[in-house]
Amino acid sequence: MAVAAKRKPKSRPDEPVEAEVSAEKLLDLYRAMLLIRRFEEKAGQMYGMGLIGGFCHLYIGEEAVVTGAMAAVEPGDTVITAYRDHGHMLACGMDPKGVMAELTGRRTGYSHGKGGSMHMFSREKNFFGGHGIVGACVPLGTGLGFAHHYRDNKRVSLTFFGDGAMNQGQVYESFNMAALWKLPVVYIIENNRYGMGTSIARSSASPNLFGRAAPFGIPGHQIDGMNVLAVIAAVQEAVEYARSGKGPYVLEMLTYRYRGHSMSDPAKYRSKDEVSRMRQEHDPIDQVRKRLIDGGLADENRLKEIDNAVKAQITEAADFAQQSPEPDPSELWTDVYGEVSA
Amino acid sequence: MVDILMPALSPTMTEGKLAKWHKQVGDAIKAGDVLAEIETDKATMEFEAVDEGTLSEILVPEGSEHIAVNAPIARIAGEGEPAKPAAAKPVAPQPAANPAAPPPAPKAPPQAASAPLAPRLAAESEWTGPSTTLTVRDALRDAMAEEMRRDGDVFLIGEEVAEYQGAYKVSQGLLAEFGARRVIDTPISEHAFAGLGVGAAMAGLRPIVEFMTWNFAMQAVDQLVNSAAKTRYMSGGQMSCPIVFRGPNGAAARVAAQHSQDYASWYAHVPGLKVIAPYTAADHKGLLKAAIRDPNPVIFLENEILYGASFPVPSDPDYIVPIGRARIVRPGEHVTITAYSRMVEVAERAADALAGEGISAEVIDLRTLRPLDIETIVDSVKKTNRLVSVEEGWAFAGIGAEIAAQIMEHAFDWLDAPPARVAGKDVPMPYAANLEHLALPQPDDIVAAAKAVGYR
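Residue numbers (our numbering), protein chains in the order written: chain A, 1 to 342; chain B, 343 to 798.
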C-alpha cells in the first residue's frame, strides 16, 4: 500500500505535525479565519431577520480546515465542495460582498441571485461550487482532477466533502477511478462528527473514515482540523504527492461545527457540554490568537485592529447585500442554455 | 444603541419562545457570544451576538412564549455609550409579518406555461453533394472521430469503449487512432464516471460519455440533472457544461423490462438539457457532431436495432445538422404523424399502408425533442387538421402528451379531432415475443389511430 513516508495511518491524530509560518503569515491566517467566523455570524443574524431564505449551513468552528488548505495550494489549483461552502468561497478569495448578496438573493450576488447559499462559483478564483447533493461533488472534483491530468497542467483538485458523504457509493467509485488513473485529487473529509443529526458512531460501521480509501491504495491520515498549522502541513504533503503524479490522497480533518446543521436544528443529538467544550478548548481562532499573544508575535492592539477591519468588511458586505436590488425579472429566463458559437 | 431582534430559525417561523438568557444586563458582549436560547416546536437554537458592546436592556424575560420574529428582545450599548436601561417596557407577543412572505410578484411579461414559440431557424437546405452509404453505427463512429480530430479537448469515456471497441461496436477503431488518453474504459461505475465527465466539462474539456445503454444511466441520473443541467443557471451563467451523454435507448429485442425503456420524456422534462433522438444515419452523424460542439449538456438517444441500418450520409466532414429542427420525412394532406428514433420507420410503414387506403399522411421525424420544433408540427397540423404522435415510451406524461398540449395551445382552432397518442403500452416490457410485440407501437396501431382522428 502506498503510504507517504513521513507518517503512518492511525485511528487517532499523530502528534501534530505543524507547518512553520512567519508571524505575518500567522496574522494572515488569523484574519482569514476571523473573516469566515464574522461572515457566518452575520449571515446567521440576517437569516434570523428574514433577509436570507432557504437553507443556510454555517461553517462556524470549522474555519481552520479550508483556511489551512488554501494556505497550502498554488494558484491554478481547483476547489470544489458541498453545501457548507461560504468559508471555501472566502478562503478562495471571493468577495464577501458578492457572497453575502447571493445569500440575500440579489442581482449583485455571484450567481445573480439564482444560486443561493449552496450554489456559488467563481471561474476567476477556480472555485467550482457549491453543490447541494451529498456526495455529488466527489465525482465532480475527481473530474476536475481528470481535466488536470488530461491537460498535464500540474494542477491539483482539492475536493472537500463531509463525513456524511462517506456513506455514498459514488465516493468509492470515485476513489477507485482516481487511484486507477493516478488523478491529482486531494480528498478532504471535513469530519465534524455529525451527518446532519446522526453521529459517526450511528452511521458508520468503521469510524476510521480516511482508512476507507486504503483498499484503493490511497494514502491518508487523520488531522486535527482545529489546528490550522496542522492542516497546512498535511495539505502541503498531500498536494505535493498529488502534483508529482502519484495519484490521489485522503485527509480526514477532525473538526466541529458549533451551530446546527442548517438554521433549524433541534440540538437534541449532542450535548451542550460537548459543544461548549469544543468552543472553549479547541477553537481554531482562539488557538492562533493565543499563539500570537503568547509568542509575542502580536499585541492586543494589533489584533484589535484586525478585528475592527474584518468587522468593517463584514458590515460593508451586509449593507451591500441588503441594498443591492433583486434580480431583474428577465433574469428568470437567462442562463438556462449557452449560445452555440458559430 | 443596537436593538437585538427575535431571530427566525427557519423561513416558516413566525414566533418562538425565548427559553433562556445567557447574558445579563451589564455584561460585556463580544461577537460570537451566545446571547440566548430560542425554541420553536421543532428546533432549538443558540442565538449569538454579532454586535459588540454592553447588554444594556433585556426587553423580553426568559421563558416568554409567542415572541414574534423581528420583535426587539434586548439592547446593546456600543463602546462609549451609556448603558442605562430605559423604562421597562414589556413587549406583548404580537403577530409579525412572516419574514419569508414572498414579495409582490414582479411585473414580468405574461408567459404561457409552455415556452413561447422560438424564432424559426433558417430553412435547412437539402444536401446535394456526394454521399456514401453508412450504417448508423459507423456514422456515429465517424462523427466522434472527426470531432476528436478537430478538437483535442474531445474525448470518449465509458464502459467497454476502448479495447472491446464498444459493447455495440460503435467506437470501433477509436482507441487505435486516438490512444488510451482519449478513449477511456471505465469500471462499471455509472454514477461516478458520469459525475467525473461533468467535472471535466466544467473544467472546459468536452467529454463524450457513453452509457452502454440508457437503462444504466438511471444510476447516474442525479449527476445528469442536478449537476450537468442546472449548473449554468445556478452560477448565473459563469459555468458551462459542454458534455454529450450517449448510448442506445428504448427497446432492443427480447431483453425485457429492465433493459427496454425509452427515456426521452424523462430527460426532455429538464430545462438545461438538450435531447436528441435521431433516425437516419445522416442525422445521427450530423446531430452528434452538433452535440459535441454545443456548449450545453446533450442527451443523445440512440437505438440498438438501428445500429445496423444503412442510409446515405453526406461525405463532407463538416456536414452538421442543427439541433432543434424536425424533418418532414414525407409530405401528406390528411393527417400528421410525429415520431422519433426507430418509430420513424414504423410510422413510415403505417403511412405506406394508409396511402393504400387513400389516406395521405405527413410523417415528421422530430429528431430533437428539446428544444422541440413545434413550428414544424403546427404548420403541418394547420394543413392536415389531424395529429397522431408515436413514441416507444409510455403515454403518461410522455412526448406525445407534450405535443398534444402544445398543439392545443398553438393550433386549437385548426384541429378537426382530438390528437391521438400511439405509445408503448402502460406495462413494464414483457419478455415473451408475442407480448413484447403487443407492448410496442406497431404500424397497425398507427393506422388505426390515423383513421380514428379522420373519423374513418
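Glycine included, every Cβ here is placed at the ideal spot set by N, Cα and C.
Predicted model, so just to flag it, every value in this text is computed and none were measured.
Kindly indicate the opening and closing residues of the alpha helix (DSSP H) around residue i.
i       : result
H88(A)  : H86 to A91
E316(A) : E300 to Q323
P785(B) : P785 to V795
S607(B) : A606 to A610
K359(B) : From DSSP, K359(B) is part of no alpha helix (DSSP H) but of the beta strand (DSSP E) over E357 to W363.
N176(A) : G169 to L180
G537(B) : E532 to M544
Any beta-carbon of chain A closer than 8 Å to the one on residue i?
i       : result
E390(B) : yes
H533(B) : yes
R684(B) : no
T356(B) : no
L780(B) : no
S582(B) : yes
N412(B) : yes
E789(B) : Looking at the sequence shown, residue 789(B) is not Glu but Val. By this cut-off, V789(B) is not an interface position.
A450(B) : At A450(B), the pLDDT of 45 sits below 50, so the modelled position is not reliable and the matter cannot be decided from this model.
L714(B) : no
P659(B) : no
G578(B) : yes
Q565(B) : yes
M544(B) : yes
A455(B) : Reliability of the predicted coordinates at A455(B) is poor, the pLDDT of 48 falling under 50, and the value obtained from them is presented with this limitation in mind. Not one chain A Cβ lies under 8 Å of A455(B).
V540(B) : yes
D369(B) : no
Between residue i and residue j, how many whole angstroms is the CB-CB distance? I'm expecting something under 8 Å.
i       : j       : result
I665(B) : T710(B) : 5 Å
F653(B) : A623(B) : 4 Å
H57(A)  : S117(A) : 7 Å
P785(B) : V688(B) : 6 Å
V795(B) : A753(B) : Not a contact, Cβ separation roughly 14 Å.
D660(B) : G471(B) : Their Cβ separation, rounded to whole angstroms, is 11 Å, which puts D660(B) and G471(B) out of contact at 8 Å.
L347(B) : N412(B) : 5 Å
G766(B) : G735(B) : 6 Å
So, is the C-beta of residue i closer than 8 Å to a C-beta in chain B?
i       : result
E190(A) : no
K25(A)  : no
I223(A) : no
S111(A) : yes
Y59(A)  : no
R37(A)  : yes
E63(A)  : no
V79(A)  : no
F121(A) : yes
Y150(A) : yes
V66(A)  : no
L140(A) : yes
Y337(A) : yes
Q170(A) : yes
E74(A)  : no
M177(A) : yes
Hey, could you find the ends of the beta strand (DSSP E) residue i is sitting in?
i       : result
R588(B) : V586 to P590
P414(B) : P414 to A419
D224(A) : G220 to D224
R548(B) : R548 to E552
H408(B) : S406 to A410
G76(A)  : Per DSSP, G76(A) belongs to no beta strand (DSSP E) and is neither H nor E.
How about residue i: is its Cβ closer than 7 Å to a heavy atom in the ligand ATP?
i       : result
V640(B) : By its list of ligands, the structure shown contains no ligand whatsoever, and the ligand ATP lies outside what it can speak to.
Identify which residue in the options has its Cα closest to the Cα of residue i.
i       : options                               : result
A695(B) : A790(B), E407(B) and V723(B)          : A790(B)
M544(B) : H148(A), G44(A) and K268(A)           : H148(A)
Y337(A) : L629(B), V732(B) and V617(B)          : V617(B)
A394(B) : D328(A), K311(A) and G143(A)          : For the sequence presented, residue 394(B) should be read as Glu rather than Ala. Minimum Cα distance to E394(B) is reached at K311(A).
D345(B) : T382(B), E379(B), P656(B) and T396(B) : T396(B)
W181(A) : H533(B), Q507(B) and I499(B)          : I499(B)
S513(B) : H676(B), G521(B) and L482(B)          : L482(B)
Q222(A) : P96(A), G61(A), H131(A) and V65(A)    : V65(A)
R712(B) : A419(B), A487(B), A571(B) and G374(B) : A571(B)
May I ask you to verify whether the stretch 627-647 of chain B touches the stretch 559-573 of chain B, counting CB pairs closer than 8 Å and requiring at least 3?
Inter-segment contact for the stretch 627-647 of chain B and the stretch 559-573 of chain B is present: three or more beta-carbon pairs are separated by less than 8 Å.
Across the stretch 69-79 of chain A and the stretch 87-100 of chain A, are there enough close Cβ pairs to call them in contact, namely three or more that are closer than 8 Å?
Counting Cβ pairs under 8 Å, three or more are found: they touch.
Would you call the stretch 258-277 of chain A and the stretch 209-225 of chain A touching, i.e. three or more CB-CB distances under 8 Å?
Contact fails between the stretch 258-277 of chain A and the stretch 209-225 of chain A, because fewer than three Cβ pairs, one in each stretch, are under 8 Å apart.
Flag this pair as touching only if the stretch 38-55 of chain A and the stretch 195-204 of chain A have three or more C-beta atom pairs under 8 Å; answer yes or no.
No, they do not touch.
contact_flag[the stretch 128-141 of chain A, the stretch 520-539 of chain B] where n(CB pairs < 8 Å) is 3 or more
Yes: the two stretches touch, three or more of their Cβ pairs being nearer than 8 Å.
So does the stretch 225-241 of chain A actually touch the stretch 161-176 of chain A, counting three or more Cβ pairs closer than 8 Å?
No contact exists between the stretch 225-241 of chain A and the stretch 161-176 of chain A.
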